[in-house]
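Structure record follows, encoded as structure tokens.
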Amino acid sequence: MQNAEGTIQALQEERKAASGTRTTQIDQSITALKATRIESVNAYNARAAQEHRAPFRDKDLPYRLDATAERTTCAN
2 MQNAEGTIQA
12 LQEERKAASG
22 TRTTQIDQSI
32 TALKATRIES
42 VNAYNARAAQ
52 EHRAPFRDKD
62 LPYRLDATAE
72 RTTCAN
């Protein structure tokens, strides 16, 4: 998730000075990365909710992640 977030941020910075064609490519990449990030958040939340995993949960990791947040926080 954090890799996708970092790449999105880098692409947004690049977009500021990009040509028209490159802007279109960047927008497509950002859309794909956002979808991948949401899938990763949903997978994390589904796994974290599984009761059989409870004994193995790291106390410093959040129980759920917010897919609508701009950045993921992987510690409480």
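Position in the sequence shown (from 1) plus 1 gives the number in the numbering used here.
Ideal Cβ placement from N, Cα and C applies to all residues, glycine included.
Asked, Found
"Arg38 vs Ala19 beta-carbon contact at 9 Å", "no"
"Buried/exposed call for Ala1, threshold 16 Cβ in 10 Å", "What the structure shows of the chain is the stretch from 2 to 77, and residue 1 is not part of that stretch, so it cannot be assessed."
"Between the CA atoms of Ser30 and Ala50 - distance to the nearest angstrom", "30 Å"
"Member of Phe57, Pro63, Asp61, Val42 whose CA lies at the smallest distance from the CA of Met2", "Val42"
"When His53, Ala47, Glu52 are compared against Arg65, the one with the closest alpha-carbon", "Ala47"
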